[in-house]
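Read the structure below first, then the notes.
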Amino acid sequence: MIPLTLPALSDAEKPFVTRLRIVPSDQESDSCCIEQAENQLLFSGEHGLFQVSGSKADALDGDIVIVTPAENKVERIIRSGSAQNSLLVTERCDQLCVMCSQPPKKTHFDRFELFTQAALLAENGITIGITGGEPTLYKDSVFNLIRTVFETRPDLNFHILTNGQHFQESDLETLRNPWFRNVVWGIPLYSHIAETHDEIVAKKGAFDRLHESLNYLLLSGARLELRTVILQSNLDSFPGLAKHITGILHFVEQWSIMQLENIGFTRNRWDSLYVDLRNDFKSIASALDIATLFGVNSKLFNVPLCHLSEFHRNFAVNSISDWKQRFGERCSMCSKIDDCSGFFEWHPPEFLEQVTPI
Ligand code: SF4
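All residue numbers for the sequence shown refer to my numbering, where the first residue is 932 and numbers rise by one.
Rendered as structure tokens:
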């Protein structure tokens, strides 16, 4: 697993954003490595000297980081050359999804200013994720971040994960701003049956409120991705959900059907939530057929290719971020390893031994 947080020592008074360099740089935002020994790196920049441990210098070159002196840590917020960078803007959420991978916390530390500075330093043209918790609990701050970044960096793109509970008619003017053409909103919808969706997200009325938000997003011309995690409780409703999406939500750019991640709440609920698609794919296959027939672009996320028929491998995306992606030993014999999502680092280990190299 690629470490995203490393130990650091700095005398700075408050957290700061900088880009790490192993070669000299005259950019004010950069901190250059001036000494390295045994995984101890000394950087120098406008915030003074700071030491980072636990990594080789070249592995960090170009990373945009937040150094937090009070917590003796450096966070690799936007890693150089990585297509999978997300800003976790809050850990608060107003839903409590049964399979939440990042169980919410009550406290919120506002770091929007730091995240904005980090985004402004990003490599040209990349997509930056915004995630939580629920980012739109701080909707004005999210809108401000996007506005500020796009004023000088219209080349960037954002993908924002949201539970879709907080969009209002008054947001239409903001959402219609051309800057939002570079923003895709990723929104979970777990069933076409309101009670099933509400039960999964543990919030009564969430399905109806989500559809109200979808109306506003549709009216604003927003770009949308719908996301559905496969669970035992919604497996049978996939064909119905496909009809619902193709019927009234067909304007979405993509429907992402996602295999479960064994982390957060799921760790203790794996046996009652997980669907082994090698044995139970009929409902998903039917949903993919319906979506394809009606022109809704649908994809399978987090599903190893050898868990799928040859035909359905066409829907699979190599979706697991590099820093948490893992393969079984036998995967090294597989001709599809470069296209395969593999498994999450924390997937039950026995599954890694049950692969069938292609
Ligand atoms: S054998 Fe490994 S690399 Fe090949 S499809 Fe299965 S999980 Fe993916």
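Idealized CB from N, CA, C, for every residue including glycine.
Fill in: M1030 burial status per 10 Å Cβ neighbour count (16 or more: buried)
buried
Discussion item. Taking contact to mean 3 or more Cβ pairs, one atom from each stretch, closer than 8 Å, check whether the segment 1173-1191 and the segment 1150-1163 are in contact.
Written reply: yes
Worksheet entry | Close-in-space but distant-in-sequence residues of the same chain around S941 (CB under 6 Å, 5 per side omitted) | F981, V998, P1000
Worksheet item: Between the beta-carbon of A1049 and the beta-carbon of R1084, is there less than 9 Å?
Response: no
Practice prompt. Keeping to the same chain, check which residues put their C-beta closer than 7 Å to that of K1070; ignore five residues upstream and five downstream.
Written response: H1097
Practice prompt. Determine the DSSP secondary structure at L940, reduced to helix, strand or coil.
Written response: strand
Discussion item. Assuming E1044 is part of the alpha helix (DSSP H), what are its boundary residues?
Written reply: From DSSP, the alpha helix (DSSP H) with E1044 extends over 1043-1051.
Worksheet item: Going straight from the alpha carbon of V1227 to that of F947, what length do you get?
Response: 43 Å
Discussion item. According to DSSP, is T1021 part of a helix, a strand, or is it coil?
Written reply: coil
Practice prompt. Would you mind stating whether R1007 and L1019 have Cβ atoms separated by less than 9 Å?
Written response: no
Practice prompt. Go ahead and label A1173 buried or exposed: buried means 16 or more other beta carbons lie within 10 angstroms of its beta carbon, across all protein chains shown.
Written response: Looking at its Cβ environment, which holds 16 or more other Cβ atoms inside 10 Å, A1173 is buried.
Fill in: Pair within 9 Å by beta-carbon distance, H1090 and V1115
yes
Discussion item. Does the segment 1059-1073 come into contact with the segment 1119-1133, if we say contact requires no fewer than three beta-carbon pairs (one atom in each stretch) closer than 8 Å?
Written reply: no
Discussion item. Is H1238 close to the ligand SF4? I mean its beta-carbon at under 8 Å from any heavy atom of the ligand.
Written reply: yes
Practice prompt. Would you kindly report the start and end of the unbroken beta strand (DSSP E) that includes P1119?
Written response: Here the beta strand (DSSP E) through P1119 covers 1114-1119.
Practice prompt. Give every residue of the same chain whose Cβ lies closer than 8 Å to the Cβ of H922, excluding the five residues on either side of it in the sequence, and list them in chain order.
Written response: Here the chain covers residues 932 to 1289 and nothing more, so residue 922 does not appear.
Worksheet item: For the alpha helix (DSSP H) that contains G1178, what are its first and last residues?
Response: G1178 -> alpha helix (DSSP H) spans 1169-1179.
Worksheet item: Starting from A1249 and walking both ways along the alpha helix (DSSP H), at which residues does that stretch end?
Response: Ala is not the amino acid found at residue 1249; the sequence shown has Asn there. Element bounds for N1249: n/a, residue is neither H nor E.
Practice prompt. Starting from the N-terminal side, write out each stretch of the alpha helix (DSSP H) that is 4 residues or longer and does not extend beyond the segment 1195-1281.
Written response: 1201-1204, 1213-1224
Practice prompt. Would you kindly check if the distance between the Cβ of C1271 and the Cβ of F1258 is under 9 Å?
Written response: yes
Practice prompt. Work out the CA separation of T1105 and L1027 for me, nearest whole Å.
Written response: Going by C-alpha positions, L1027 is about 28 Å away from T1105.
Discussion item. Along the chain, where does the beta strand (DSSP E) containing F1138 start, and where does it finish?
Written reply: Not the beta strand (DSSP E): F1138 falls in the alpha helix (DSSP H), residues 1137-1151.
Fill in: Own chain residues within Cβ distance below 6 Å of F1232, not counting five before or after
S1187, M1189, V1248, S1250
Worksheet item: Looking at the structure shown, is S962 part of a helix, part of a strand, or coil, going by DSSP?
Response: strand
Item to complete: Would you mind stating whether R1023 and P1035 have Cβ atoms separated by less than 9 Å?
Response: A contact, by the Cβ cut-off of 9 Å.
Worksheet item: T1105 lies in the alpha helix (DSSP H); which residues open and close that run?
Response: In the DSSP assignment, T1105 falls within the alpha helix (DSSP H) that extends over 1103-1106.
Worksheet item: How would you label L937, buried or exposed, when you count the other beta carbons within 10 angstroms and need 16 or more for buried?
Response: buried
Discussion item. Starting from S986, trace the alpha helix (DSSP H) in both directions and tell me its first and last residue.
Written reply: Element bounds for S986: n/a, residue is neither H nor E.
Worksheet item: Among V1234, F1074, L1149, K1037, which has the Cα closest to the Cα of F1246?
Response: V1234
Discussion item. Is V1286 near the ligand SF4 - that is, is its Cβ less than 8 Å away from at least one heavy atom of it?
Written reply: yes
Worksheet item: Should G1273 be counted as a contact of the ligand SF4 given a C-beta to heavy atom distance under 8 Å?
Response: yes
Discussion item. Any heavy atom of the ligand SF4 inside 8 Å of the beta-carbon of K1036?
Written reply: Distances between the C-beta of K1036 and the heavy atoms of the ligand SF4 are all 8 Å or more.
Worksheet item: Per DSSP, which one or two residues make a beta bridge with L1092?
Response: G1117
Worksheet item: Out of G1136, L1092, L1148, R1209, which has the shortest C-alpha to C-alpha gap to N1108?
Response: Considering only alpha carbons, the answer is L1148.
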